[in-house]
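*Asks:* In our numbering, the protein residues as written are 3 to 227.
Think of the CB as a built atom: it goes at the ideal place given N, C-alpha and C, for glycine as much as any other residue.
Can you read through this structure? Questions will come right after.
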């Protein structure tokens, strides 16, 4: 997905739109720090959680505070948490959401972006370690069980739904997508898809975007853990 420049710019704009100006943010599943680096330019201190040792070393080299897990981060300490295409990799996603809730200060914001619709689950999902895909209702319910209040939830990339479904039907068993196909999708289909999302985001999309917050009067975590 490094070739998907417009897609990555879209995700970056999501992260910045909710987190710009936050004093302290948490990047859950930070990778090499692509989004954390941009957010830091706006004066936000970003703590990174990344379980992969080699990626975590790169974060440390780039002067990020980086941890293997959430356990080392103080509860109620961060104003903003974002997690992009990470939750679907975690076996117990409800427990993970509860841990995120406890790290967020009251009134703080959570941004979650995940793959949508189990019907689209394909060899590509298996190849990159997805445990599941979500519906909007299921993800909202899990967030509420963890204690969050959901501010917005919508599907993203309505045309991508049909592209992903086509790949499931005729794609290869290895789950590999050619870089050329990614470039074509990113240049032509994804921008049109975002335009159509103004009409279709309530019903269908390849991904789900949710913005939620921890209530200000909440002293304890959700009921899940």
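Residue 207 to residue 198, Cα distance in whole Å?
*Replies:* Along the chain shown, one-based indexing puts residue 207 at 205. Along the chain shown, one-based indexing puts residue 198 at 196. Answer to the nearest angstrom: the Cα atoms are 10 angstroms apart.
*Asks:* Rounded to whole angstroms, what's the CA-CA distance from residue 1 to residue 91? Just pull it up for me.
*Replies:* Residue 1 lies beyond the stretch modelled for the chain, which goes from 3 to 227, so this question has no answer here.
*Asks:* Between the stretch 106 to 122 and the stretch 81 to 89, do three or more beta carbon pairs fall short of 8 angstroms?
*Replies:* As far as the Cβ criterion goes, the stretch 106 to 122 touches the stretch 81 to 89, which means the pair count is three or higher.
*Asks:* Assuming residue 50 contacts residue 68 under a Cβ cut-off of 8 angstroms, what Cβ separation, rounded to an integer in Å, is found between them?
*Replies:* Here the question's residue 50 lines up with position 48 in the chain shown. Here the question's residue 68 lines up with position 66 in the chain shown. Sure, about 4 angstroms apart at Cβ, within 8 angstroms.
*Asks:* For the putative contact between residue 188 and residue 7, defined by C-beta atoms under 8 angstroms, what is the C-beta separation to the nearest angstrom?
*Replies:* Taking the chain shown and counting its residues from 1, the one referred to as residue 188 is at position 186. Taking the chain shown and counting its residues from 1, the one referred to as residue 7 is at position 5. A Cβ-Cβ distance of about 6 angstroms is found for the pair residue 188 and residue 7, placing them in contact under the 8 angstroms criterion.
*Asks:* Report buried or exposed for residue 210, applying the criterion of at least 16 other Cβ atoms within 10 angstroms of its Cβ.
*Replies:* Along the chain shown, read from residue 1 onward, the residue named residue 210 stands at position 208. The residue in question, residue 210, is buried, as its Cβ has 16 or more Cβ neighbours within 10 Å.
*Asks:* Kindly indicate the opening and closing residues of the alpha helix (DSSP H) around residue 12.
*Replies:* Taking the chain shown and counting its residues from 1, one reaches residue 12 at position 10. From DSSP, the alpha helix (DSSP H) with residue 12 extends over 7 to 21.
*Asks:* Rounded to the nearest angstrom, what separates residue 18 and residue 41 at their Cα positions?
*Replies:* Position 16 of the chain shown, counted from the start, is the residue given in the question as residue 18. Position 39 of the chain shown, counted from the start, is the residue given in the question as residue 41. Computed Cα separation, rounded: 6 angstroms.
*Asks:* Per DSSP, which residues does residue 28 bridge with? Please list them.
*Replies:* For this step, residue 28 is matched to residue 26 along the chain shown. For residue 28, the pairing in a beta bridge is given by DSSP as 49, 83.
*Asks:* Note the first and the last residue of the continuous alpha helix (DSSP H) segment covering residue 137.
*Replies:* For the purposes of this step, residue 137 is taken as residue 135 along the chain shown, with counting starting at 1. Premise fails: residue 137 is in no alpha helix (DSSP H) and is neither H nor E.
*Asks:* Could you spell out where the beta strand (DSSP E) holding residue 212 opens and where it closes?
*Replies:* On the chain shown, position 210 is the one that residue 212 refers to. Element bounds for residue 212: 209 to 215.
*Asks:* Are the stretch 139 to 156 and the stretch 54 to 72 touching, with three or more C-beta to C-beta distances below 8 angstroms?
*Replies:* no
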